[in-house]
Amino acid sequence: MAAPGKGLEGVVAAETALSDIEGKKGILSYVGYDIHDLAPNAVFEEVIYLLHHLELPTPRQLDEIKDQIAREREPNEFAAQLMPYLAEKCAPMSMLRTAVSASSATDPDGWDTSEEANYRKAIRLCAVLPTMVAQYDRLRRGERIVPPDPTLSQAANFLYMLKGDKADDESARIFDTCLVLHADHTMNASTFAARVCAATLSDIHSAITAAIAALKGPLHGGANEQVMRMIKEIEEPSRARDYIVNRLNKKEKVMGFGHRVYKGEDPRATHLRRMAKELAEKTGDGRNYEISQEIEKAMMDEKEIYPNVDFYAASVYGYLRIPTDLFTPVFACSRISGWTAHVREQYADNRLIRPDHAYVGPAPRDWVPLSQR
Ligand code: SDX
Numbered sequence: 175m176a177a178p179g180k181g182l183e184g185v186v187a188a189e190t191a192l193s194d195i196e197g198k199k200g201i202l203s204y205v206g207y208d209i210h211d212l213a214p215n216a217v218f219e220e221v222i223y224l225l226h227h228l229e230l231p232t233p234r235q236l237d238e239i240k241d242q243i244a245r246e247r248e249p250n251e252f253a254a255q256l257m258p259y260l261a262e263k264c265a266p267m268s269m270l271r272t273a274v275s276a277s278s279a280t281d282p283d284g285w286d287t288s289e290e291a292n293y294r295k296a297i298r299l300c301a302v303l304p305t306m307v308a309q310y311d312r313l314r315r316g317e318r319i320v321p322p323d324p325t326l327s328q329a330a331n332f333l334y335m336l337k338g339d340k341a342d343d344e345s346a347r348i349f350d351t352c353l354v355l356h357a358d359h360t361m362n363a364s365t366f367a368a369r370v371c372a373a374t375l376s377d378i379h380s381a382i383t384a385a386i387a388a389l390k391g392p393l394h395g396g397a398n399e400q401v402m403r404m405i406k407e408i409e410e411p412s413r414a415r416d417y418i419v420n421r422l423n424k425k426e427k428v429m430g431f432g433h434r435v436y437k438g439e440d441p442r443a444t445h446l447r448r449m450a451k452e453l454a455e456k457t458g459d460g461r462n463y464e465i466s467q468e469i470e471k472a473m474m475d476e477k478e479i480y481p482n483v484d485f486y487a488a489s490v491y492g493y494l495r496i497p498t499d500l501f502t503p504v505f506a507c508s509r510i511s512g513w514t515a516h517v518r519e520q521y522a523d524n525r526l527i528r529p530d531h532a533y534v535g536p537a538p539r540d541w542v543p544l545s546q547r
């Protein structure tokens, strides 16, 4: 049992109108819209609009934001120049963190921090992250870069730039739903990191760089990649239970399970489980899904801990043939919508975020000169 307050549990760090969670009931909403309504109905661009304008777009507003995103998909000069080097030297999340940080240097709005410039920068960042991830992957594999297709949605365009072929409609729709599901999640660690940075009145690129850095860790966004590594290690559904029991006996965490806020089903996992099943049936390759099911059963029997968003996302991305080490960058390609909206919300009603502490070091003591130590 963690000490009360450890990890800021239960502390309200900011007011937000962007998303809400009722952990006991397993309810998640974006600006008042239940995730169970958004997942089957909304496209990702509608969610970007919703998070930034606090209303769903009209058909015209949706077309406008889609056009704006499509126009902003090319990385700017400095980031584009860096990419071959990053592809050769960096792990994917380090690439993304560096590329976003570098983007600030040649952003068309420069160091303008007005509300209007910050909105343009926010949409630009939403537009460009998938291009960075796809270009990185193609360059490291020695393949030609596929330019963005302005006629495609964010979801379909990412799969196209990554693979060089247009995705079938069902795959594009499923990936679009993944982007919708990952878009925002109240005061998670990366969003909090972004808000802490923004609250010093640092610039939006710096805040997003901080968020990417925080998402990278395996206790947060990095878990989805670890889930796929675990599934691969288990190999056979029949080996899942022993693997989990063994891990728990060694007091090791099982990635993709548990949550600070949800103590029952994470509502996003409900959709991701369903989509993993659909893709298992469609591809005729049920193994990852079956192993996942066995892991879930074992975790329920042994610890009564539920899967979180990262657990079935791993199987879905695996079925979509997204390379495992790109799972966390793909999470970022969605969460950039929430991060940028939170940063703008922070600027709009800012106060420096500076928590207090509980000192546990030695009591006051006398200084000892170096010669007497
Ligand atoms: C995300 O916050 C968000 O909203 C994040 C996120 C988002 O959308 O932004 O939802 C995305 O980050 C999902 C979480 C991804 N991380 C993992 O899947 C890593 C594995 N999970 C954990 O380590 C853990 O559950 C956390 C980090 C997610 C939450 O940690 P807490 O709230 O600090 O809980 P804890 O580690 O103190 O655990 C409480 C108890 C402990 O048992 P006891 O000591 O009380 O007996 O639950 C156990 C833990 O041992 N436990 C687990 C476990 N998760 C919790 N035991 C085994 N495996 C696990 N995964």
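Heads up: the sequence shown begins at 175 in the working numbering, then just goes up one per residue. Here a beta-carbon is modelled for each residue, glycine too, at the ideal position from N, C-alpha and C.
For isoleucine 348, the closest C-alpha among the options Ile418, Ser327, Ala368, Asp523 is that of Ser327. Per DSSP, isoleucine 319 lies in no beta strand (DSSP E) segment and is marked neither H nor E. Shown here, aspartate 208 sits in a strand according to DSSP, grouped into three states. According to the DSSP assignment, glutamate 196 belongs to the beta strand (DSSP E) that extends over 193–196. Phenylalanine 505: member of the alpha helix (DSSP H) spanning 501–522, first to last residue.
Not one heavy atom of ligand 1 sits closer than 7 Å to the Cβ of valine 490. Taking the Cβ of isoleucine 479 as the reference point, at least one heavy atom of ligand 1 falls within a distance shorter than 7 Å. In the DSSP annotation of this structure, proline 324 is not part of any alpha helix (DSSP H), being labelled neither H nor E. Look at aspartate 342: its beta carbon is at least 7 Å from all of the heavy atoms in ligand 1. Just so you know, the alpha carbons of histidine 359 and glutamate 219 end up roughly 17 Å apart. 8 Å or more divides the Cβ of valine 274 from the Cβ of isoleucine 405. The beta carbon of tyrosine 436 is closer than 8 Å to those of Ile195, Gly197, Gly200, Tyr480, Asn482 in its chain, skipping five residues each way along the sequence. Glycine 179 counts as exposed, since fewer than 16 other C-beta atoms from the protein chains shown sit within 10 angstroms of its C-beta. Taking a cut-off of 8 Å on C-beta distances, the region 401–415 touches the region 454–469, as three or more cross pairs fall below it.
Inter-residue distance for leucine 375 and arginine 525 is about 9 Å (C-alpha atoms, whole angstroms). Burial check for glycine 492: the Cβ neighbour count within 10 Å reaches 16 or more, so the residue is buried.
With contact defined as three or more Cβ pairs closer than 8 Å, the region 305–322 and the region 238–255 are in contact. About 6 Å separates the beta carbon of isoleucine 297 from that of glutamine 242, a gap short enough to meet the 8 Å contact definition. At a Cβ-Cβ threshold of 8 Å, leucine 333 and alanine 341 count as neighbours. In this model, aspartate 459 and glutamate 344 are separated by some 16 Å (Cα to Cα). The continuous alpha helix (DSSP H) containing cysteine 352 extends over residues 343–356. Excluding sequence positions up to five before and after alanine 265, its CB lies within less than 8 Å of the CB of Asp499, all in the same chain and listed in chain order. Its chain contains Ile222, Ile243, Ile510, Ser511, Thr514 as the residues whose beta carbon lies nearer than 7 Å to that of cysteine 300, once the 5 sequence neighbours on both sides are disregarded; these appear in chain order. When secondary structure is reduced to three states using DSSP, proline 481 falls in the strand class.
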